[in-house]
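Enquirer:
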Amino acid sequence: MRVLIPLALVSALVLALGEIPALAEYFFARGVTRFLSGCLNLITNYIPFSFYELTAVLLIVGGVALAVGLVFLLCKREWKRLSLWLYRLALAALCVLLAFGVLYAPLYSRGSVLPALGLSDTEITREKLYAAAEFYVERLNRASEQLERDEEGNVIPTSTFSELSARINEEYGKLQTGYFAEFEVRAKEVALSVPMSYLGITGIYFPFYAEANVNVNIPPYELPVTLAHEIAHAKGVSQEGEANVAAYVLCIRADDAYLNYSGLMRAVASLLNSLPQEEYEVLYDSLSEEVKREYRNANAHYARYEGAIDAVSSFFNDIFLKANGVAGGTRSYSQTAASLVSLYEQLAFSEQ
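Residue numbers are given in the working numbering: position 12 of the sequence shown equals residue 12, and the series is strictly consecutive.
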């Protein structure tokens, strides 16, 4: 208990300090958190596989073994050993909590990512929303014409996974605002991507290793924007909605048809789902047949993995997000309409 109580107090203090916006931004996000994450990233960048994935498997095996051991000690009434095991478990949990309080939790209290992306808050009207959706639909159709497709109608990636990761890092490097960490993030392909699909997870950032992990069992058009989303987390954007915005903006602005297509596919889906049914149908009908087919393919792909496990995973992820100050929980993933309208206004003005 000599160690447990002080560690609990320190953890609580760090978490509390991380919720103060000024400290979250300048002491943690641009200081301690960025430095420590950069050091961890320097190590994990050179590990050729997902270290998070290995850790997850070991934790599952270890968790089962621990549960069996605790039940065994309880049945044997070995109270002294049981108390020691529980003490060590509590100690480990507090160490993880403290590490999370330094490496990631403060990022939830940062200022908005919009200024770092060169965007500003804008008032959303029904007319603006429709105009933005129409603009992106037109761009999506044009981007689609520049890409080749396989026999099933899915876009064929123009780059390998590692090449995409490097390209997205380059795009983040162009945003010289100090908001994003400057170190390179080499995203990892998850070998157990199919089980991850059953959990409804397309990617995960593991702050304890500063490692961005991507489920590669996703539709091909999703890969660039998913990579950009997870790399955004590694570079200091914790809010899911804001990581989406960063990923969409990065891909749409890039001088690369595959990245453009990926960002536009997600942006169009997000905006169309925000429109009334009648307007939705008008714009959906204006999509090219190739784009419509790819949307149908994606829906069929994800439908194969829906079920109880996915629902449970989403439930706990929602709780986690709300516990970290994300008011909308998993719904914040789709709160990007205002940012997409702002980007539309910027792009439309530049084309005049």
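From the three backbone atoms N, C-alpha and C, an ideal C-beta is built for every residue, glycine too.
1) Report yes or no: do three or more beta-carbon pairs, one from the region 264-280 and one from the region 333-349, lie closer than 8 Å?
2) What does the alpha-carbon distance come out to for the pair E19 and L147?
3) I need the DSSP call for A166, collapsed to helix, strand or coil.
4) What would DSSP say about I156, mapped onto helix, strand or coil?
5) With burial defined as no fewer than 16 other Cβ atoms inside 10 Å of the residue's Cβ, what is the status of V14: buried or exposed?
6) S11: which of T55, A90, V57, Y46 sits nearest, CA to CA?
7) In the DSSP assignment, find the unbroken beta strand (DSSP E) run with K292 in it and report its ends.
8) What are the boundary residues of the beta strand (DSSP E) that E123 is part of?
9) DSSP on R149, reduced to helix/strand/coil?
10) Measuring alpha carbon to alpha carbon, tell me which of E152, M196, E134, S165 ends up nearest E356.
11) Are there three or more Cβ pairs, one per stretch, closer than 8 Å when the region 173-184 is compared with the region 25-42?
12) If L107 sits next to S238, beta carbons under 8 Å apart, how far is it from one beta carbon to the other, in whole angstroms?
13) Roughly how many angstroms lie between the CA atoms of L347 and L66, to the nearest whole one?
14) DSSP three-state call for N53: helix, strand or coil?
15) Among the residues of its own chain, which have a CB less than 6 Å from the CB of N217, if the five just before and after it don't count?
16) Report yes if the C-beta distance between G178 and R30 is below 8 Å; otherwise report no.
17) According to DSSP, simplified to helix, strand and coil, what is Y209?
18) Near L98, what residues of its chain come up, given a Cβ to Cβ distance below 8 Å and the 5 sequence neighbours on each side ignored?
19) Contact check, V113 vs V245 under 8 Å by CB: the rounded distance?
Expert: According to the structure data:
1) A contact between stretches requires three or more CB pairs, one per stretch, nearer than 8 Å, and the region 264-280 meets this requirement with the region 333-349.
2) Cα to Cα, the separation comes out at about 45 Å.
3) Shown here, A166 sits in a helix according to DSSP, grouped into three states.
4) DSSP places I156 in coil when its eight states are reduced to three.
5) Around the beta carbon of V14, a 10 Å sphere encloses 16 or more other beta carbons of the protein chains shown; the residue is thus reported as buried.
6) That would be A90, whose Cα lies nearest to the Cα of S11.
7) From DSSP, K292 is part of no beta strand (DSSP E) but of the alpha helix (DSSP H) over 289-303.
8) Element bounds for E123: n/a, residue is neither H nor E.
9) Residue state, collapsed to three classes: strand.
10) The question about residue 356 has no answer, for the chain in this structure spans 1 to 352.
11) A contact between stretches requires three or more CB pairs, one per stretch, nearer than 8 Å, and the region 173-184 meets this requirement with the region 25-42.
12) By a beta-carbon distance limit of 8 Å, L107 contacts S238. Their separation comes to about 4 Å.
13) Distance between the alpha carbons of L347 and L66 is about 55 Å.
14) The question names Asn, but residue 53 is Glu in the sequence shown. E53: helix per DSSP, three-state reduction.
15) Within the same chain, N217 has close Cβ partners S193, V194, S197.
16) The answer is yes: Cβ separation under 8 Å.
17) Of the three classes helix, strand and coil, the one that applies to Y209 here is coil, per DSSP.
18) Excluding positions up to five away in sequence, the list reads L7, V10, S11, V14.
19) About 6 Å separates the CB atoms of V113 and V245; that is less than 8 Å, so the two are in contact.
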